[in-house]
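Each remark here refers to the structure printed beneath this line.
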Amino acid sequence: PPPLPDCLRREAPAVARPPRPVAATSLGGDKIAAGAAGPGDRAAALLAGTRLHLLLEHLPELDPADWPDRARTLLAGAEDGLPTAPELDALLAELAEIRGAEALAGLFAPPPGATVLREVALSAPLAGGLRLSGAIDRLIVAPEGITAIDYKSNAAVPADAAATPEGYLRQMAAYRHALRAIWPDRRVETAILWTRTRTLMPLPDALLDAAWARALAELAPDAAP
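Residue numbering for the sequence shown is 689 to 913, as defined by our numbering.
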């Protein structure tokens, strides 16, 4: 028989496992604004928010006459299954108000030349050898800049960007970090769509800079932001 190659006579070297991805939503910081609902109410509110989030992903560009059938199809296989008829009616009514809000016209009808992407998964390297992962609810890619929007259905909505819960600021700063790596030659802006008040709240860079520095200080204390 032919001689065995040396590689079969040696123990295989250990394979270094890459670090587990760090989710943009798990960077620390509070995610509950002052005045939020109690634990019981919060569970129901989270479920309603999850359902509304799914409808916002798929339905705004469709004919509203098709919304009920499409909503039932989408929600039947989602968390907790198909809602009751009154719950579905309430969700569709809220979606209609969001879609028709004058202040959100630019969100659902972007300028010519812009591309709208939904539920955009992304990944980017972080300080300290870590890797970020996340999914952006709505991404508007235009020649003049990139806009990342996240949907939040909190019952208590902050009065201004400075009052945004720390956890949300860190999450949006993480998205900005990844998008700047993808499009280094374009301006990157972020905003939160507060569905309860139908408002789009831009997040200033200074707020995100500070939140990002705090997140990195906890993730990789020995690495510079």
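Every residue, glycine too, gets a C-beta built ideally from N, C-alpha and C.
N-terminal and C-terminal residue of the beta strand (DSSP E) that residue i is part of
{"i": "Asp825", "result": "819-830"}
{"i": "Trp755", "result": "Looking at the DSSP string, Trp755 is not in any beta strand (DSSP E); the run it does join, the alpha helix (DSSP H), is 755-764."}
{"i": "Glu807", "result": "803-813"}
Cα-Cα separation, residue i to residue j
{"i": "Met860", "j": "Trp882", "result": "14 Å"}
{"i": "Pro693", "j": "Ala702", "result": "19 Å"}
{"i": "Ala851", "j": "Val876", "result": "21 Å"}
{"i": "Asp754", "j": "Asp893", "result": "39 Å"}
{"i": "Leu891", "j": "Asp825", "result": "16 Å"}
Nearest residue (CA-CA) to residue i, options the options
{"i": "Ala879", "options": "Arg868, Ile834, Ala903", "result": "Ile834"}
{"i": "Ala789", "options": "Leu888, Arg902, Ala812, Leu715", "result": "Leu888"}
{"i": "Val808", "options": "Ala836, Arg819, Leu814", "result": "Ala836"}
7 Å Cβ shell around residue i - same chain, five flanking residues per side excluded
{"i": "Pro831", "result": "Gly801"}
{"i": "Gly817", "result": "Pro707"}
Contacting residues, own chain, Cβ-Cβ under 6 Å from residue i (five flanking each side not counted)
{"i": "Cys695", "result": "none"}
{"i": "Leu840", "result": "In the sequence as presented, Leu is not what sits at residue 840; that position holds Lys. Within the same chain, Lys840 has close Cβ partners Ile880, Trp882."}
{"i": "Asp838", "result": "Asp825, Ile880"}
Cβ pair residue i, residue j closer than 8 Å
{"i": "Gly822", "j": "Leu810", "result": "yes"}
{"i": "Ala733", "j": "Ala843", "result": "yes"}
{"i": "Ala784", "j": "Pro756", "result": "no"}
{"i": "Ala899", "j": "Leu857", "result": "yes"}
{"i": "Ile828", "j": "Pro872", "result": "no"}
{"i": "Gly729", "j": "Glu854", "result": "For the sequence presented, residue 729 should be read as Asp rather than Gly. No, these two residues do not count as a Cβ contact at 8 Å."}
Neighbourhood of residue i by C-beta, 8 Å cutoff - its chain only, sequence neighbours within 5 removed
{"i": "Arg760", "result": "Leu770, Leu776"}
{"i": "Ala767", "result": "Going by the sequence as given, residue 767 is Glu instead of Ala. Answer for Glu767: Leu735, Thr738, Arg739, listed in chain order."}
{"i": "Ala903", "result": "Leu715, Gly716, Gly717, Arg858, Ala861, Ala862"}
{"i": "Arg758", "result": "His746, Leu747, Leu750"}
Closer than 7 Å: residue i CB and nearest the ligand MG heavy atom
{"i": "Tyr863", "result": "In the structure on display, the ligand MG does not appear, and there are no ligands present to speak of."}
First through last residue of the alpha helix (DSSP H) which encompasses residue i
{"i": "Trp882", "result": "Segment 875-882 is the beta strand (DSSP E) holding Trp882; no alpha helix (DSSP H) there."}
{"i": "Leu897", "result": "Reading off the sequence, residue 897 comes out as Asp, not Leu. Looking at the DSSP string, the run of the alpha helix (DSSP H) that includes Asp897 is 893-907."}
{"i": "Ile786", "result": "773-788"}
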